[in-house]
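For reference, the structure is listed below as structure tokens.
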Amino acid sequence: MAGHHMNWRTGAPRLRPGQARSRHAVILVAVALLAGCHKAAQEEQAPVVTVDVAPVTLAKIEDTVRADGVLFARQQAAIIPKIIAPVARRLVERGTRVRAGQLLLELENKDLAGAALKGQATYEAAQATYETTSRATVPEEQQKAQLDVNSAKAELDAAQRTYDSRQELLKQGAVSEKDVNDARVVFSQAQTTYQTALKRLQDLESFARDQALKAAAAQRDTAKGDAQSTEAQLSYSRITSPIDGVVTDVPYYPGEMPQSGAPVVTVMDTTQVIAKTHVSQLDASRIAAGDAANVIGPDNVPVIGKVTIVSPALDTTSTTVAVWVQAPNGQGQLRPGMSVRVEMIAKTVPDALVIPTAAIVTSPSGSTYTIVVDNANTPHIRKVSVGIRNNGRAQVTDGLSSGERVATTGAFELFKMDPEALKKVKVQIAPAKEEEEPEES
Numbered sequence: 027m028a029g030h031h032m033n034w035r036t037g038a039p040r041l042r043p044g045q046a047r048s049r050h051a052v053i054l055v056a057v058a059l060l061a062g063c064h065k066a067a068q069e070e071q072a073p074v075v076t077v078d079v080a081p082v083t084l085a086k087i088e089d090t091v092r093a094d095g096v097l098f099a100r101q102q103a104a105i106i107p108k109i110i111a112p113v114a115r116r117l118v119e120r121g122t123r124v125r126a127g128q129l130l131l132e133l134e135n136k137d138l139a140g141a142a143l144k145g146q147a148t149y150e151a152a153q154a155t156y157e158t159t160s161r162a163t164v165p166e167e168q169q170k171a172q173l174d175v176n177s178a179k180a181e182l183d184a185a186q187r188t189y190d191s192r193q194e195l196l197k198q199g200a201v202s203e204k205d206v207n208d209a210r211v212v213f214s215q216a217q218t219t220y221q222t223a224l225k226r227l228q229d230l231e232s233f234a235r236d237q238a239l240k241a242a243a244a245q246r247d248t249a250k251g252d253a254q255s256t257e258a259q260l261s262y263s264r265i266t267s268p269i270d271g272v273v274t275d276v277p278y279y280p281g282e283m284p285q286s287g288a289p290v291v292t293v294m295d296t297t298q299v300i301a302k303t304h305v306s307q308l309d310a311s312r313i314a315a316g317d318a319a320n321v322i323g324p325d326n327v328p329v330i331g332k333v334t335i336v337s338p339a340l341d342t343t344s345t346t347v348a349v350w351v352q353a354p355n356g357q358g359q360l361r362p363g364m365s366v367r368v369e370m371i372a373k374t375v376p377d378a379l380v381i382p383t384a385a386i387v388t389s390p391s392g393s394t395y396t397i398v399v400d401n402a403n404t405p406h407i408r409k410v411s412v413g414i415r416n417n418g419r420a421q422v423t424d425g426l427s428s429g430e431r432v433a434t435t436g437a438f439e440l441f442k443m444d445p446e447a448l449k450k451v452k453v454q455i456a457p458a459k460e461e462e463e464p465e466e467s
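Each residue of the sequence shown is one higher than the one before, starting from 27 at the first, in this note's numbering.
Now the structure itself:
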């Protein structure tokens, strides 16, 4: 062949030097084109991650302590009679609404009524005796003492007149000094006699009257005490309600003898109920008496109440803290003995930056992050500080701004990616879902 040389190993034509260089150039161009196409294909095949997004919003969020509890009536009276006697009258039934002081049940009391009448009569007789004694006539000894006083007083008055008269006569020279002195001695003796008689009369009056009145008063007071005791015994047979409320148990019927120490009527005030629960020591440190709370029964309808008691001591059997929540029960939908859920609101932030808790990713070290999706649908890992978490929502205290978007579903897949790989990811926003907003707790 003209212009060609044969390769001795292959038998193929040997190219001239110029032809070889041209072929090499073509090959290099082809390789470059192939590499560029491969790179473009790689770029076209960059991973696409579909995520749900949620906006960062300003909203109220509450720090809530949740626990299970049991309902109790605000007030309860299991009435145990002080005497044992058969039931005579039953005036109420279960469900009867009663007022404080209302008669509920009456026990047999004929013997007690008779004793009360007798005691009252005895007291009235003793009272009459006391009044008679206080107006009693003067005893004979006192009468004699009174006569002695009267006589001594007359002699004293006469001696006084004689003494005064002789003093005047002495001035006129009609009597001697001795006559005046004699009159003075008689007057002095009359004074002494009168004072002695008067004191004796006073002593007799005081002693006799006091003794008589004391004896009469003692009899009267004893009779009064007996009358009150029998009246009290009679009153114990009349079972009255100590509180306003509703009768929840009345187990005995007329003719039946109640067991000793057993309640004959139980009354509860259910207009307010107490949910008694226990929380951990950490949760107890977050709440205080007066905090708002919700009591949620089987109907899942929250009833607004408040924390009334946070025990200052631990329950020795469980090392938890007893907490009481009181709630109104005007409709009677909450019944004592019912199991309920209790939500105690420890703190409320009215204008918090809030995102779904699904948007928060926690690293092995415990740090918290979110995936922020910008307007170009490019994902960015952002470290954030999280505050209150409640009911599927979380408060972000640092790291986000209102109006930004964060990934929820799919956020963890993006977080796991290498930072360089994440830069190449194309984010696709999933269609918005119609979801009910979570209820405020």
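Think of the CB as a built atom: it goes at the ideal place given N, C-alpha and C, for glycine as much as any other residue. Source: prediction; values computed, not measured.
Relative to the alpha-carbon of residue i, which residue among the options has its alpha-carbon at the smallest distance?
{"i": "Thr292", "options": "Ala93, Glu119 and Leu143", "result": "Glu119"}
{"i": "Ala353", "options": "Thr435, Gln146, Ala99 and Val74", "result": "Ala99"}
{"i": "Ala114", "options": "Gln102, Ala126 and Leu130", "result": "Leu130"}
{"i": "Gln146", "options": "Leu97, Thr346 and Gln254", "result": "Gln254"}
{"i": "Arg312", "options": "Gly199, Val347, Asp94 and Thr148", "result": "Val347"}
{"i": "Asp275", "options": "Ala185, Val124 and Thr219", "result": "Val124"}
{"i": "Ala278", "options": "Ile105, Ala249 and Glu203", "result": "It is worth fixing the name first, because residue 278 is Tyr in this sequence and not Ala. It is Ile105."}
{"i": "Phe438", "options": "Ala249, Ala171, Thr423 and Pro390", "result": "Pro390"}
{"i": "Ala171", "options": "Thr342, Arg226 and Ala249", "result": "Arg226"}
{"i": "Lys452", "options": "Gly429, Asp424, Pro405 and Val422", "result": "Pro405"}
{"i": "Tyr149", "options": "Ser428, Gln102, Ala249 and Ser263", "result": "Ala249"}
{"i": "Asn403", "options": "Asp424, Gly392 and Arg431", "result": "Arg431"}
{"i": "Gly271", "options": "Asp229, Asn401, Ser427 and Pro362", "result": "Pro362"}
Give me the Cα-Cα distance between residue i and residue j, rounded to the nearest whole angstrom.
{"i": "Pro457", "j": "Asp78", "result": "8 Å"}
{"i": "Glu181", "j": "Gln215", "result": "10 Å"}
{"i": "Ala67", "j": "Val327", "result": "Note on Ala67: pLDDT 47, under 50, position unreliable in the model; the coordinate value appears next. The alpha-carbon atoms of Ala67 and Val327 are separated by roughly 58 Å."}
{"i": "Leu448", "j": "Gly436", "result": "13 Å"}
{"i": "Glu132", "j": "Gly251", "result": "24 Å"}
{"i": "Pro107", "j": "Leu138", "result": "15 Å"}
{"i": "Arg116", "j": "Ala288", "result": "16 Å"}
{"i": "Val349", "j": "Ile371", "result": "13 Å"}
{"i": "Gln221", "j": "Gln169", "result": "17 Å"}
{"i": "Leu340", "j": "Thr334", "result": "17 Å"}
{"i": "Val505", "j": "Ala420", "result": "No answer is possible for residue 505: it lies beyond the span of the chain, which begins at 27 and ends at 467."}
{"i": "Gln102", "j": "Lys332", "result": "20 Å"}
{"i": "Ala126", "j": "Pro376", "result": "44 Å"}
{"i": "Ala314", "j": "Val351", "result": "11 Å"}
{"i": "Glu446", "j": "Gly425", "result": "22 Å"}
{"i": "Ile109", "j": "Thr342", "result": "38 Å"}
{"i": "Ala51", "j": "Lys450", "result": "Summary for Ala51: the model assigns pLDDT 45, below 50, so the residue's position carries little reliability; its value from the coordinates is reported in the next sentence. Approximately 34 Å, taken between the alpha carbons."}
{"i": "Lys204", "j": "Gln198", "result": "15 Å"}
{"i": "Thr423", "j": "Gly429", "result": "15 Å"}
{"i": "Pro81", "j": "Met294", "result": "51 Å"}
{"i": "Leu97", "j": "Met443", "result": "51 Å"}
Residues in its own chain within less than 7 Å of residue i by CB, not counting five upstream and five downstream?
{"i": "Gly323", "result": "Gln359, Leu360, Met364 and Val366"}
{"i": "Gln217", "result": "Leu182"}
{"i": "Ala85", "result": "Ala378 and Val380"}
{"i": "Thr374", "result": "Lys86 and Glu88"}
{"i": "Gln128", "result": "Thr266 and Ser267"}
{"i": "Ala185", "result": "Val212, Phe213 and Ala216"}
Grab me the residues of residue i's own chain with a C-beta within less than 8 Å of its C-beta, minus the 5 sequence neighbours each way, in chain order.
{"i": "Tyr189", "result": "Val206, Ala209, Arg210, Val212 and Phe213"}
{"i": "Asn355", "result": "Thr296, Thr297, Gln298, Val299 and Val329"}
{"i": "Tyr156", "result": "Leu239, Ala242, Ala243, Gln245 and Arg246"}
{"i": "Gly418", "result": "Pro382, Thr383, Ala384 and Pro464"}
{"i": "Glu257", "result": "Ala142, Gly145 and Gln146"}
{"i": "Ala93", "result": "Thr303, His304, Val305, Asp309, Val349, Arg367, Val368 and Met370"}
{"i": "Ala178", "result": "Ala216, Thr219, Tyr220, Thr222, Ala223 and Leu224"}
{"i": "Asp174", "result": "Ala223, Arg226 and Leu227"}
Looking only at its own chain, which residues have a Cβ that is under 6 Å from the Cβ of residue i, when we skip the five neighbours before and after it?
{"i": "Ala433", "result": "Val77, Val79, Ile397 and Val399"}
{"i": "Leu196", "result": "Val206"}
{"i": "Gln454", "result": "Val74 and Thr76"}
{"i": "Gln153", "result": "Arg246"}
{"i": "Leu60", "result": "In this predicted model, Leu60 has a pLDDT of only 48, less than 50, meaning its place in the structure is not dependable; the value taken from the coordinates is given anyway. Nothing meets the Cβ criterion."}
{"i": "Gly95", "result": "Ala301, Lys302, Thr303, Val366 and Val368"}
{"i": "Ser337", "result": "Val347 and Ala348"}
Do residue i and residue j have their C-beta atoms within less than 8 Å of each other?
{"i": "Asn176", "j": "Leu260", "result": "no"}
{"i": "Val273", "j": "Thr388", "result": "no"}
{"i": "Val368", "j": "Thr394", "result": "no"}
{"i": "Arg192", "j": "Val201", "result": "yes"}
{"i": "Thr90", "j": "Asn416", "result": "yes"}
{"i": "Ile407", "j": "Phe441", "result": "yes"}
{"i": "Ala151", "j": "Ser263", "result": "no"}
For a cutoff of 8 Å on Cβ pairs, would you count residue i as touching chain D?
{"i": "Arg92", "result": "No chain D appears in the structure shown, which is made up of a single protein chain."}
request  = Determine, using beta-carbon pairs with one atom in the segment 299-309 and one in the segment 274-284, whether at least three such pairs fall under 8 Å.
outcome  = no
message = Would the segment 312-322 count as touching the segment 266-274 if we require 3 or more Cβ pairs under 8 Å?
response = no
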